[in-house]
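Chains as they are written, first to last, in our numbering: chain A, 2 to 710; chain B, 704 to 858.
Each residue gets a CB set at the ideal place from its N, CA and C atoms; glycine is no exception.
Contents: one structure, followed by commentary.
Below, the structure written as C-alpha cells:
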C-alpha cells in the first residue's frame, strides 16, 4: 500500500527527530489535546491541534481533510494555514487526514473546500503562531508585543534575536489555545495570492502518485462485480461453475449489488466475471427508453409547476408586451467518466475495518462501512487516496459497499475494480431536463416579463423523498432562480419528473443545464430586441454591480465589439454565482465547418472568486471546467434503451481531445473578499457561449445538448 | 502458463504467466509497478501507454506474449530523479490536475519526441489525439511538449 506506507515512513522519521508542538491525530492519541478538547467541542474545528504539527526540526506538517481530486486542494488549504502561521513554505509538508468527525465536514464537493475552510484554517494557523510567539517572549523574558514572526521564526525586534519554530514547539504546546487570534490583513499576505507550485505535481510525473486503484495490501485479492444492466434489477440466479475453475479465482460471492468474483489479479477477476452466467430479474424498468423519458418531460412541462421564485405579475406583463417569445431546451443524462474507474480496497476483520479509497467524502465512507459491518465508527479506518478525478461521482459510496461486503464475505482484503463499461453503465448520472422559457419585450426591446419552467428529476427527492413533498427541490432550479438580470415580472417554477435512472451530483450540477437554457434564451431576446448580446445583458445588471464588472471584464478582454478573426464568431454567456458563490462570464470564439462541425478556438473568462488563494490553481480550475463543459456541450450523451445505458466506453462516449482544446484565457477580478468556489463555475456558461456563437455564425439556434448542426 | 522474459526499465524479468494476459496487468499486478494506469481496457484512452522498443503501445490490449523478449519502458523507468526533459517540462508547466492520465500522456510525449524531436502543433494533435484527459490539461501538455523539445527531450 504505497501511500499509507509513505506516510507511515514519514511519521516514523518525524517521531525520530522528536515532535514539539505535536498536534493533530498524534496529539489526540498522546493525550494533551484530549484535555483541551472533547470530540464534540465545536472549538476543535479551529484549534491548531487538528491541523498543524510542528517538529523539533522545524518541519510544519499540515493536515488536509478534503480530498485531492485534481483541484489542487493539497496546496490551497496548506497555503491558508501557512500564511497565518507565518511558516516558511519550504518547510511545509502535507498529510491527508483519516476520516474523523473532528475535522468538521470532509465532504469535498460543491466548490466548497476553500470557501468553508478559509476562516477555520486561518484561525488555526494564527492561534499556533500566537502560541509560538508567546513561547519565544517567555524564553527571552520580553513582552510579546516586542516580538514578530516571519518565515518559521520568532524575531525579537529590538535586539534582532531569532528562535526557530522548531525550537519553540514543545513549550508552545503547553499554552492555552487562543480562541480568537488576530488574523492578517490581506495586504500582509505573502503566501496567499502567490503562484505556489502544487505540492502533488512531482509524484504525478514519475508514477509514484498513489490513487485508490494503486492500493496494495498484504494478502489482498482483486474483485470484479457483475451487476444487473437494467436499473433496479436484481439477481435471480447464477451459475459460476465455469468461472470457479478459471485461473486465479479465489471466491465468488453474492453481494447486494450483484455477484463479486475475487481473484489473484485484476485481469483474472475480469475474465472470470465474464464467464459467469447470471439470470437477472430486470424489474419494472426493463423496457424504459430515452424516448419515453423525453415524452414524459414534454408532458410534465404542461403541468402546473411548484413556484420557486416570483415577482411582479408575469401574466399581465406578458399580455401587455410588444413582443413575446418562447422556447424549449433539453439536455441529456451524462456520465462523470473519471479517468480512474471506480474502485475501493477494504479489509474487514472481526473487530475492525480498514479502507483505502478515492472518495470525495471519507466520513460517508466511514459511516457506510460502520453500518454494513456493525462496527463502531472509530473502528473503521478510512484512508483517502488521491482521486483520479471526482466531479461528484466519488461523493457516492456504492463502490465502497461492494468492497466492504466482498471483503467480509471472503474474509480477506479485497480491491473491487470497475471496468470502463461498469463505470459508464452504473453511474449516478447528471439528470436530464427540459426547460420551457418565455419572455415579453416592451416597445423599446427591454424584457418586462420572464418565465422559466424547469422539468427535471430531483436528486434530493431521489435520495430523501420525504423532504420534498411539496414538489419543490430548490437544487433543481439552481441557476434559473436568482437571475442576475433586472426584469420586473418573473416566474420560475419546477415540475419534478423522477425516472428510474440513478442521478447524482455532476460538476456544477443543475447550473450545467439551467444556465444553458437561460443564457441561450437571453441571447434570443437580445436578437429579437435588435440589441448587442453583451450590451443587452449589461443594461439589465445595474443592481448587480459585482456581476456586471465580471461581464464587462470578459467582454473587454475578448475584444467584444471588435471584428473577430475571419471565419470566427463570438458568443457570450454569464454564469450566476449559484451555490459556488462565484460569477463567471465567458466569450467563446467559434467557427463552423462546411460539414457543420463546430470548432471552438478560444474561450475568454472573467471570474470573481474573492481572494484567489493560488491564481495558478484558479486558472487550472477554469481550464478544467471549460474542458468538462465542452465535452458536455459538443459530445456528451447517455441514452437509455431497454432499461439500460447504451454507451459503454470512450468510442461511444467520447471526451474532448487535445486537438479540440481551445486557447483559454482567464482573468481574475482583483479582490480582498473571502475566497469563493472555483471548481465548478467555469462550466455552466461554456455551452451557451458556444451555442450563441454558433447562432452568430449560422443563424441557427441550437436548443438541445449536445450541440449539433 | 508460460515462462516469458522481458526487460522492464532495463531490468530483466522472467514471468510465469498466461501469455494472453495484457501487459498492463502484468506490470500492475505481477510486477507491482502501478505507475501505468488502467483507463478503458480497450486501447481507447491512452492511460496505459508504455514504450516497447521506443514505440508507444497500449498495454491494456497488448498480450504480454506479444512483447516477449522486448524492452519495455514505463513511467517509473523514465528517470530516478524526475529530471527527464519531459518530466521537467511537465513540472514547470504544472500540467497534472488529478494526474491519473499523466503517465500515459508523458510516455506518449516521450515517444513522440523520440520520433519527431521538434513536433508542430499538428504533429502533437496527431500523436496525442487519443490520449484522453478528463481534467482538460491539454494546453499545458502542448506547452510542456514544446518546452521539452527545446530542452532536447527527443535525445
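Taking DSSP as the reference, what is the three-state secondary structure of residue i?
i	result
residue 223(A)	strand
residue 727(B)	helix
residue 425(A)	helix
residue 436(A)	strand
residue 243(A)	helix
residue 763(B)	helix
residue 569(A)	coil
residue 710(A)	coil
residue 614(A)	coil
residue 579(A)	helix
residue 600(A)	strand
residue 497(A)	strand
residue 714(B)	strand
residue 731(A)	Limits of chain A in this structure are 2 at one end and 710 at the other, which puts residue 731(A) out of reach.
residue 353(A)	coil
residue 721(A)	The structure shown does not extend to residue 721(A), since chain A spans only 2 to 710, so no value can be given for it.
Would you list the one or two residues that DSSP bridges to residue i?
i	result
residue 212(A)	387(A)
residue 280(A)	238(A)
residue 808(B)	Paired residues: none, contrary to the question.
residue 490(A)	450(A)
residue 271(A)	According to DSSP, residue 271(A) bridges with nothing at all.
residue 327(A)	439(A)
residue 430(A)	504(A)
residue 263(A)	224(A), 252(A)
residue 334(A)	639(A)
residue 646(A)	641(A)
What's the call for residue i, buried or exposed, on a 16-neighbour Cβ count within 10 Å?
i	result
residue 163(A)	exposed
residue 296(A)	exposed
residue 713(A)	Within the shown structure, residues of chain A are numbered from 2 to 710, placing residue 713(A) beyond reach of any answer.
residue 317(A)	exposed
residue 812(B)	buried
residue 820(B)	exposed
residue 87(A)	buried
residue 466(A)	exposed
residue 743(A)	A query on residue 743(A) cannot be resolved here, the shown segment of chain A reaching from 2 to 710 and no further.
residue 786(B)	exposed
residue 33(A)	With a pLDDT of only 31 at residue 33(A), under 50, the local geometry of the prediction cannot be trusted, and no value is derived from it.
residue 142(A)	exposed
Roughly how many whole angstroms lie between the Cα atoms of residue i and residue j?
i	j	result
residue 373(A)	residue 197(A)	42 Å
residue 792(B)	residue 822(B)	15 Å
residue 709(B)	residue 369(A)	43 Å
residue 405(A)	residue 68(A)	21 Å
residue 590(A)	residue 689(A)	12 Å
residue 31(A)	residue 65(A)	For residue 31(A), the predicted model reports a pLDDT of 31, less than 50, meaning its position is unreliable; a value from the coordinates is still stated below. Roughly 20 Å separates the two Cα atoms.
residue 569(A)	residue 641(A)	36 Å
residue 757(B)	residue 454(A)	57 Å
residue 314(A)	residue 303(A)	20 Å
residue 602(A)	residue 694(A)	11 Å
residue 494(A)	residue 353(A)	49 Å
residue 708(A)	residue 849(B)	32 Å
residue 705(A)	residue 497(A)	20 Å
residue 101(A)	residue 677(A)	25 Å
residue 132(A)	residue 179(A)	8 Å
residue 806(B)	residue 108(A)	28 Å
residue 685(A)	residue 669(A)	17 Å
residue 748(B)	residue 157(A)	58 Å
residue 344(A)	residue 389(A)	10 Å
residue 59(A)	residue 89(A)	9 Å
residue 705(B)	residue 265(A)	17 Å
residue 84(A)	residue 619(A)	18 Å
residue 713(B)	residue 741(B)	23 Å
residue 1(A)	residue 834(B)	Any property of residue 1(A) remains undetermined from this structure, which presents chain A solely from 2 to 710.
*Does the count of Cβ pairs from the segment 351 to 365 of chain A and the segment 395 to 403 of chain A closer than 8 Å reach three?*
When C-beta atoms of the segment 351 to 365 of chain A are compared with those of the segment 395 to 403 of chain A, three or more pairs fall below 8 Å, so the two segments count as touching.
*Just checking, does the segment 717 to 726 of chain B make contact with the segment 764 to 775 of chain B on the three C-beta pairs under 8 Å criterion?*
By the criterion of at least three beta-carbon pairs nearer than 8 Å, the segment 717 to 726 of chain B is in contact with the segment 764 to 775 of chain B.
*Specify whether the segment 325 to 344 of chain A and the segment 469 to 476 of chain A touch according to this definition: at least 3 beta carbon pairs, one from each stretch, less than 8 Å apart.*
These segments do not touch.
*Say whether the segment 731 to 738 of chain B touches the segment 410 to 427 of chain A, bearing in mind that this needs 3 or more beta-carbon pairs closer than 8 Å, one atom from each stretch.*
By the criterion of at least three beta-carbon pairs nearer than 8 Å, the segment 731 to 738 of chain B is not in contact with the segment 410 to 427 of chain A.
_Does the structure place the segment 797 to 804 of chain B close enough to the segment 824 to 833 of chain B that three or more beta carbon pairs sit under 8 Å?_
Because the criterion of three Cβ pairs below 8 Å is not met, the segment 824 to 833 of chain B and the segment 797 to 804 of chain B do not touch.
*If we count Cβ pairs, one from each stretch, closer than 8 Å, do we get three or more for the segment 228 to 238 of chain A versus the segment 274 to 291 of chain A?*
Yes: the two stretches touch, three or more of their Cβ pairs being nearer than 8 Å.
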